[in-house]
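*Asks:*
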Amino acid sequence: MTKQLLAPALVWAVAGWLPLPVQAADKVKIGFISTLSGPSAALGVDIRDAFLLAVKMNGGKLGGLPAEVVVGDDQFKPDVGRQLAEKNIKLDKVNFLTGFVFSNIMLASVPVAFENKIIYVSPNAAPSPLAGKQCNPYFFAASWPNDAYHEAAGQYATTRGYQAVYMLAPNYQAGKDSLEGFKRFYKGTIAGEVYTQLGQLDYSAELAQVRAAKPEAVYIFLPGGMGVNFIKQFVAAGLSKDVQLITPGFSSDQDIIRAVGDPMLGTFDAAHWALDLDNAANRKFVAEFEKEYKRLPTVYASQGYDTALLIDSAVREVKGRIEDTEGVRKALKAAKFQSVRGSFRFNRNQYPIQNYYLRVVGKDSQGRLVNKTMGTIFKDRGDAYVQECPMK
Amino acid sequence: MQAEHHGYYLSFASRIFIYALAATSLNLILGYGGMISFGHAAFVGTGAYVSSILLSEGVASAWIGWPAAVAASSLAALAIGAVSLRTRGVYFIMITLAFAQMAFFLVNSMKAYGGDEGLSLRERASVGLGVDLGSDLAFYYAALAALAAGLYGLHRLAHSRFGRVIQAIRENEDRAEAIGFPVYRYKLACFVIAGAAGGLAGALLASHGKYVNPNVLHWTQSGTLMVMVILGGVGRLWGGVIGAAALLGLEDLIANHRVDWLAAVFPNYQQHASLGVGTVLLAIVLFAPQGIAGMLARRKHA
Amino acid sequence: MSWILIVEQSLNGLQFGLMLFLLAAGLTLVFGIMDMINLAHGSLYMLGAFLAATLVQATGSFAAGVLLAIPATAVLGMLLEVSVLRTLYARDHLSQVLATFALILIFNEAVRIIWGPDMPLSVPAALSGPVQLLPGMVYPAYRLLIIGVGAAVAGALYLLVARTRIGMLVRAGASNREMALAMGVNIPRLFTLLFGVGAGLCAVAGALLGPLFAVQVGMGENILILAFVVIVIGGIGSIRGALVGSLLVGIVDTIGRAFLPLLFGIFFQPRVASAAGPAIASVLVYLLMALVLYIKPQGLFPARG
Numbered sequence: 000m001t002k003q004l005l006a007p008a009l010v011w012a013v014a015g016w017l018p019l020p021v022q023a024a025d026k027v028k029i030g031f032i033s034t035l036s037g038p039s040a041a042l043g044v045d046i047r048d049a050f051l052l053a054v055k056m057n058g059g060k061l062g063g064l065p066a067e068v069v070v071g072d073d074q075f076k077p078d079v080g081r082q083l084a085e086k087n088i089k090l091d092k093v094n095f096l097t098g099f100v101f102s103n104i105m106l107a108s109v110p111v112a113f114e115n116k117i118i119y120v121s122p123n124a125a126p127s128p129l130a131g132k133q134c135n136p137y138f139f140a141a142s143w144p145n146d147a148y149h150e151a152a153g154q155y156a157t158t159r160g161y162q163a164v165y166m167l168a169p170n171y172q173a174g175k176d177s178l179e180g181f182k183r184f185y186k187g188t189i190a191g192e193v194y195t196q197l198g199q200l201d202y203s204a205e206l207a208q209v210r211a212a213k214p215e216a217v218y219i220f221l222p223g224g225m226g227v228n229f230i231k232q233f234v235a236a237g238l239s240k241d242v243q244l245i246t247p248g249f250s251s252d253q254d255i256i257r258a259v260g261d262p263m264l265g266t267f268d269a270a271h272w273a274l275d276l277d278n279a280a281n282r283k284f285v286a287e288f289e290k291e292y293k294r295l296p297t298v299y300a301s302q303g304y305d306t307a308l309l310i311d312s313a314v315r316e317v318k319g320r321i322e323d324t325e326g327v328r329k330a331l332k333a334a335k336f337q338s339v340r341g342s343f344r345f346n347r348n349q350y351p352i353q354n355y356y357l358r359v360v361g362k363d364s365q366g367r368l369v370n371k372t373m374g375t376i377f378k379d380r381g382d383a384y385v386q387e388c389p390m391k
Numbered sequence: 000m001q002a003e004h005h006g007y008y009l010s011f012a013s014r015i016f017i018y019a020l021a022a023t024s025l026n027l028i029l030g031y032g033g034m035i036s037f038g039h040a041a042f043v044g045t046g047a048y049v050s051s052i053l054l055s056e057g058v059a060s061a062w063i064g065w066p067a068a069v070a071a072s073s074l075a076a077l078a079i080g081a082v083s084l085r086t087r088g089v090y091f092i093m094i095t096l097a098f099a100q101m102a103f104f105l106v107n108s109m110k111a112y113g114g115d116e117g118l119s120l121r122e123r124a125s126v127g128l129g130v131d132l133g134s135d136l137a138f139y140y141a142a143l144a145a146l147a148a149g150l151y152g153l154h155r156l157a158h159s160r161f162g163r164v165i166q167a168i169r170e171n172e173d174r175a176e177a178i179g180f181p182v183y184r185y186k187l188a189c190f191v192i193a194g195a196a197g198g199l200a201g202a203l204l205a206s207h208g209k210y211v212n213p214n215v216l217h218w219t220q221s222g223t224l225m226v227m228v229i230l231g232g233v234g235r236l237w238g239g240v241i242g243a244a245a246l247l248g249l250e251d252l253i254a255n256h257r258v259d260w261l262a263a264v265f266p267n268y269q270q271h272a273s274l275g276v277g278t279v280l281l282a283i284v285l286f287a288p289q290g291i292a293g294m295l296a297r298r299k300h301a
Numbered sequence: 000m001s002w003i004l005i006v007e008q009s010l011n012g013l014q015f016g017l018m019l020f021l022l023a024a025g026l027t028l029v030f031g032i033m034d035m036i037n038l039a040h041g042s043l044y045m046l047g048a049f050l051a052a053t054l055v056q057a058t059g060s061f062a063a064g065v066l067l068a069i070p071a072t073a074v075l076g077m078l079l080e081v082s083v084l085r086t087l088y089a090r091d092h093l094s095q096v097l098a099t100f101a102l103i104l105i106f107n108e109a110v111r112i113i114w115g116p117d118m119p120l121s122v123p124a125a126l127s128g129p130v131q132l133l134p135g136m137v138y139p140a141y142r143l144l145i146i147g148v149g150a151a152v153a154g155a156l157y158l159l160v161a162r163t164r165i166g167m168l169v170r171a172g173a174s175n176r177e178m179a180l181a182m183g184v185n186i187p188r189l190f191t192l193l194f195g196v197g198a199g200l201c202a203v204a205g206a207l208l209g210p211l212f213a214v215q216v217g218m219g220e221n222i223l224i225l226a227f228v229v230i231v232i233g234g235i236g237s238i239r240g241a242l243v244g245s246l247l248v249g250i251v252d253t254i255g256r257a258f259l260p261l262l263f264g265i266f267f268q269p270r271v272a273s274a275a276g277p278a279i280a281s282v283l284v285y286l287l288m289a290l291v292l293y294i295k296p297q298g299l300f301p302a303r304g
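Residue numbers (numbering that gives the first Met the number 0), protein chains in the order written: chain L, 0 to 391; chain E, 0 to 301; chain W, 0 to 304.
The structure is reproduced here in structure tokens:
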């Protein structure tokens, strides 16, 4: 029995000693893994569509090199995401990894990239550990620190004078970050702090508690399908009449608006970007996205687009020499590109410093439900964890 | 096959060996013992988590971590088996499934060790002796050794008195009881041995991927192991190995090696691999219940 | 702890329990009478939901879509029974488990190929608001509909099984199959019909729960386990047992999700309390099953003996 296995084992062992041919960079390979199926697929699909649009608008190139994007679906499962990351890095030999929507899936998968010195540029998830103590030179957040929207929302709730707020978020790292962020700036009474199960779709039990607690406002962090279901059930339970709904920007964005409809009118939210932000890059992005995909982009799409532009600028800076990982890192950090959010710069922990705006769901000139900018909550805000990061 | 991919394939082969060991341990109770346990993933998972927790707390030695994993999964098998084996038929299936789900929910709620995000490990367990298990080649041999030990153990067990009693119990439990065998004790012992081997497979799995997550305990994982055993040949020595190799090989083939004419007829077929797996499994159950090993054996004797 | 909260959570538990009953009823009959473990029962639930979503879009009416989905799923169920499942009746339980597990894989992918990973299905606009039950007590209209439909179906099933000839044949077959065969009951046709009824019940549950959860591939697996737990608790082959079992499970699950976190919140941090609550609630359901099996190994209302 052992003899039958020795033969193939020897073949493998010999194959192991063969030298690896060096590959010159004639194209840039991007590993794109995201949540493309399940109730929260709309998020991953938006990021992917915007990323691919940016590449297409650039003539199929990033930074002058032909770009090959390998797309994978993590199916909302951390172990699937990790396996795909391994395949991308070890088999497809990608130069950059990107795409994850959810922090838990990302946190399970990026260690593979870090170990193999592959840079991960995040179009969404940017959890607090990676901003502070565990900051990593191979991690760049092209979106916003996980807490940011929640801090802004908390600030708004304080300014507006809501006395009692009931908070809900899913029980994972980003959920915890979100409510910590809200509490950092909200100075009123917390009527309740509840962590639901990630992926939970039926909120009847939680809504009964909300009703019993009688808060002035409810703050939720429930991305994707979770948010859609909660808001629908919130309205169905008759709570929308008495309780104001405040959300972080993405929980009231186009995907949720499409699914929920008119009950969303009047919801307040906070975000770093809006459809009506007035700069040339944004106007072009919104117009092209709508033309290509026949729908309005969400904040996720804006982030996917910016990620592609960021990578494009970095590859251009190093003049195509992407094997020079250190050079690419410096180029990424310099972030010399026109972001759809206006100006873009990185903090020393490679998380962005930017503005955050108050938005409200209303109707645009064509009668469609959109988020309209109402004011600025924070200017040039970084994050609360940068002091713990040893990177310069 | 380019040289630069050899690391990936060595790693893939190790994965097959580990699943083969897990499937073989299930084969002991399923094929030889006739016990339909839907909770086997709990033992593999216990082994995986115990060794991962030890590694994350700084206990790097495999000489401590892996025996600890085996001990933990044996204890779990003893506890679960003691209660479940008092029932029979569908009740046994349901109780083993229930215990596995309880383990799953328990581990899922352990936020200290990652919860549903799972636990990432910085290094694989170390065996010392100048061998670095971090290298794909070294780990390949370690996994191979574990599988070989498991198969040898099963071979000896099946041909021993214990093995013959277990198979007699599988054939007709009432008769074995009437003859005077302490059926419950034999089944429990068999259950614990299988749990121990499953735990070793779990420890290897955690070190191999340097990652563990509650899904490894989910009842659908038990189902996957069952599929491997049936595919390979339930109750046959090589059943677990052939089944693991066939299933994982088939999945990899479909996902990573595009067959152009098939893609022309059926675009995106690569994303629907489980359709093929399900169909093959159904066909095996309906037409070739002895699995691949059975078909090979029949041809030899024909 | 207001009484409104308790009433609302009880209604939630009742709603969930009744839907679980629809699944458990079909499952217990198939198991009790045909002695077959059918893991693909959850797939019929999924098919019912997808068909309902499609038909609602096609007809523009929620009621029409749901009502049409029921016979459609029943027919598919009967086709499945006649083609594949019939060959499994004579086989051992392991083969049944594996074959129907294979069917789960096949159905999941087939649905993904035909429809995609999910389909939208919304609560009809007329029912998407709350209803005033009592002064100060408001409850979503749609969930009341579910409770109503669930109770009506339970009542109809009871009448069918206890008061009609077919029901008598079913009960006879459940308590002693060999005798029923010997008495001349046309078993194959009865089985097919029974399977169709079970599939139809799955469709009702799938279509009604679709707007609350999500109509997506794989939606059957989680609820399948609970359905099996219910029939083990209730007694295999007994409709009454399935009803009592599902209501018990529905209430335990809801109490666990609703009140345990509050209880834990007194001693632990919110994150821990929130994680422990649902985990223990799930464990409670299994512990309930273990307890029932310990006291009454054949379930609460066994059909045989």
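Cβ coordinates follow ideal geometry from the N, Cα and C atoms, glycine included.
It should be emphasised that the depicted structure is a prediction, and the values quoted were computed from it without experimental measurement.
By DSSP, does T45/E sit in helix, in strand, or in coil?
*Replies:* In the second sequence, counting from the first residue as 1, residue 45/E sits at position 46. Secondary structure at T45/E: helix, using DSSP grouped into helix, strand and coil.
*Asks:* When you compare the CB of D78/L with every CB in chain E, is at least one pair closer than 8 Å?
*Replies:* For the purposes of this step, residue 78/L is taken as the residue at position 79 of the first sequence. At least one chain E Cβ lies under 8 Å of D78/L.
*Asks:* What's the call for P122/L, buried or exposed, on a 16-neighbour Cβ count within 10 Å?
*Replies:* Position 123 of the first sequence holds residue 122/L. The residue is buried, with at least 16 neighbouring Cβ atoms inside 10 Å.
*Asks:* Do L4/W and A211/L have their beta-carbon atoms positioned less than 8 Å apart in this structure?
*Replies:* Taking the first sequence and counting its residues from 1, one reaches residue 211/L at position 212. Taking the third sequence and counting its residues from 1, one reaches residue 4/W at position 5. Going by beta carbons, A211/L and L4/W fall inside the 8 Å limit.
*Asks:* Which stretch, first to last residue, makes up the alpha helix (DSSP H) that contains P49/L?
*Replies:* Position 50 of the first sequence, counting from 1, holds the residue named residue 49/L. Here residue 49/L is Ala; the residue named in the question, Pro, does not match the sequence. That run of the alpha helix (DSSP H) goes 40-56.
*Asks:* Given a threshold of 16 other Cβ atoms within 10 Å of its Cβ, counted over all protein chains shown, does L128/E qualify as buried or as exposed?
*Replies:* Mapped onto the second sequence, residue 128/E falls at position 129. Flag for L128/E reads exposed.
*Asks:* L54/E and G46/E look like a contact to me (Cβ under 8 Å); what is the Cβ gap, rounded to whole Å?
*Replies:* In the second sequence, the residue the question calls residue 54/E occupies position 55. In the second sequence, the residue the question calls residue 46/E occupies position 47. About 13 Å separates the two Cβ atoms, so there is no contact after all.
*Asks:* Is it the case that the Cβ atoms of G233/W and A48/W are separated by a distance below 8 Å?
*Replies:* Within the third sequence, residue 233/W is the residue found at index 234, counting from 1. Within the third sequence, residue 48/W is the residue found at index 49, counting from 1. Not a contact, by the Cβ cut-off of 8 Å.
*Asks:* Assuming R320/L and A334/L are in contact, meaning their beta carbons sit under 8 Å apart, how far apart are those beta carbons, in whole angstroms?
*Replies:* Sequence index remark: in the first sequence, residue 320/L carries index 321 (1-based). Sequence index remark: in the first sequence, residue 334/L carries index 335 (1-based). Their Cβ separation, rounded to whole angstroms, is 19 Å, which puts R320/L and A334/L out of contact at 8 Å.
*Asks:* In the DSSP assignment, find the alpha helix (DSSP H) that holds I5/W and state where it starts and stops.
*Replies:* Within the third sequence, the letter at position 6 stands for residue 5/W. First-last of the alpha helix (DSSP H) with I5/W: 2-33.
*Asks:* Mark D254/L as exposed unless 16 or more other C-beta atoms lie within 10 angstroms of its C-beta, in which case mark it buried.
*Replies:* Sequence index remark: in the first sequence, residue 254/L carries index 255 (1-based). Label assigned to D254/L: buried.
*Asks:* Excluding the 5 residues flanking P20/L on each side, which residues of the same chain have their C-beta closer than 7 Å to its C-beta?
*Replies:* Translated into positions along the first sequence, residue 20/L becomes position 21. For P20/L, the predicted model reports a pLDDT of 46, less than 50, meaning its position is unreliable; a value from the coordinates is still stated below. Excluding residues within five positions, none has a Cβ falling inside 7 Å.
*Asks:* Measure the alpha-carbon distance for A70/E versus P351/L and round it to whole angstroms.
*Replies:* Within the second sequence, residue 70/E is the residue found at index 71, counting from 1. Within the first sequence, residue 351/L is the residue found at index 352, counting from 1. Those two C-alpha atoms are separated by around 48 Å.
*Asks:* Could you work out which residue in Q337/L, I29/L, A173/L is closest to Y148/L when comparing CA atoms only?
*Replies:* The sequence position of residue 148/L within the first sequence is 149, counting from 1. Of the listed residues, the one whose Cα sits closest to Y148/L is A173/L.
*Asks:* Across which residues does DSSP place Y141/W in a beta bridge pair?
*Replies:* Within the third sequence, the letter at position 142 stands for residue 141/W. According to DSSP, which records beta bridges pairwise, Y141/W is partnered with nothing at all.
*Asks:* Let me make sure I understand the geometry here. Which of A307/L, G80/L, R257/L has the alpha-carbon closest to that of G208/E?
*Replies:* Against the second sequence, residue 208/E aligns to sequence position 209. Ranking the options by Cα distance to G208/E, first place goes to G80/L.
*Asks:* Using a Cβ-Cβ distance under 8 Å, would Q196/L count as near chain W?
*Replies:* Here residue 196/L refers to the residue found at position 197 when the first sequence is read from its first residue. For Q196/L, the answer is yes, since a Cβ of chain W falls inside 8 Å of its Cβ.
*Asks:* Go through its chain and collect everything with a Cβ distance to L264/L's Cβ below 6 Å, but skip five positions before and after it.
*Replies:* Here the question's residue 264/L lines up with position 265 in the first sequence. V360, listed in sequence order.
*Asks:* Excluding the 5 residues flanking G12/W on each side, which residues of the same chain have their C-beta closer than 6 Å to its C-beta?
*Replies:* As a working note, residue 12/W is residue 13 in the third sequence. Excluding residues within five positions, the ones whose Cβ falls inside 6 Å are G249, I250, T253.
*Asks:* Could you tell me the distance, in whole angstroms, from the CA atom of S273/E to the CA atom of A254/E?
*Replies:* In the second sequence, counting from the first residue as 1, residue 273/E sits at position 274. In the second sequence, counting from the first residue as 1, residue 254/E sits at position 255. When rounded, the distance between both Cα atoms is 11 Å.
*Asks:* Identify the continuous beta strand (DSSP E) that holds R380/L and give its terminal residues.
*Replies:* Counting from one through the first sequence, the residue named residue 380/L turns up at place 381. R380/L -> beta strand (DSSP E) spans 368-380.
*Asks:* Based on Cα-Cα distance, which residue from I46/L, G59/L, I32/L, A130/L lies nearest to E85/L?
*Replies:* Translated into the one-based positions of the first sequence, residue 85/L becomes position 86. The candidate whose alpha carbon is nearest that of E85/L is I32/L.
*Asks:* Comparing the C-beta of R344/L with each C-beta of chain E, is any distance below 8 Å?
*Replies:* Stepping through the first sequence from its first residue, residue 344/L is reached at position 345. For R344/L, the answer is no, since every Cβ of chain E falls outside 8 Å of its Cβ.
*Asks:* So the alpha helix (DSSP H) K231/L belongs to, where does it begin and stop?
*Replies:* Position 232 of the first sequence, counted from the first residue, corresponds to residue 231/L. Unbroken alpha helix (DSSP H) run through K231/L: 224-235.
*Asks:* Can you have a look at T72/W and say buried or exposed, based on whether 16 or more other CB atoms are within 10 angstroms of its CB?
*Replies:* Translated into the one-based positions of the third sequence, residue 72/W becomes position 73. T72/W comes out buried.
*Asks:* Considering only the beta carbon of each residue, do N354/L and D379/L sit closer than 8 Å?
*Replies:* What you label residue 354/L is simply residue 355 of the first sequence in a count that begins at 1. What you label residue 379/L is simply residue 380 of the first sequence in a count that begins at 1. Contact flag set, yes.
*Asks:* When the Cα atoms are used, what is the spatial distance from V96/W to I117/L?
*Replies:* Taking the third sequence and counting its residues from 1, one reaches residue 96/W at position 97. Taking the first sequence and counting its residues from 1, one reaches residue 117/L at position 118. Whole-angstrom Cα-Cα distance: 44 Å.
*Asks:* Using C-beta distances below 6 Å, list every residue in its chain close to R155/E, excluding the 5 sequence neighbours before and after it, in chain order.
*Replies:* Looking up residue 155/E in the second sequence gives position 156. Cβ within range, chain order: n/a, list empty.
*Asks:* Does P134/W get closer than 8 Å to chain L when you measure Cβ to Cβ?
*Replies:* In the third sequence, counting from the first residue as 1, residue 134/W sits at position 135. No, P134/W does not count as interfacial toward chain L.
*Asks:* Can you have a look at A141/E and say buried or exposed, based on whether 16 or more other CB atoms are within 10 angstroms of its CB?
*Replies:* Along the second sequence, read from residue 1 onward, the residue named residue 141/E stands at position 142. So A141/E counts as buried.
*Asks:* Using DSSP's beta-bridge definition, name the partner residues of M399/L.
*Replies:* This structure does not reach residue 399/L, given that chain L is present from 0 up to 391, and the question cannot be answered.
*Asks:* Give me the chain E residues within the contact set of Y44/W, using Cβ-Cβ distance strictly less than 7 Å, ordered along the chain.
*Replies:* For the purposes of this step, residue 44/W is identified with residue 45 of the third sequence, where counting begins at 1. Within 7 Å Cβ-Cβ: nothing; Y44/W doesn't reach chain E, min ~17 Å.
*Asks:* Along the beta strand (DSSP E) that carries L132/W, what are the first and last residues, could you check?
*Replies:* Here the question's residue 132/W lines up with position 133 in the third sequence. Boundaries of the beta strand (DSSP E) harbouring L132/W: 129-133, taken from the DSSP string.
*Asks:* Is the separation between the beta-carbon of A23/W and that of A97/E shorter than 8 Å?
*Replies:* Taking the first residue of the third sequence as position 1, residue 23/W is located at position 24. Taking the first residue of the second sequence as position 1, residue 97/E is located at position 98. No.
*Asks:* Based on DSSP bridge pairs, tell me the residues matched to I279/W.
*Replies:* By 1-based counting over the third sequence, the position of residue 279/W is 280. Partner(s): none; I279/W has no beta bridge.
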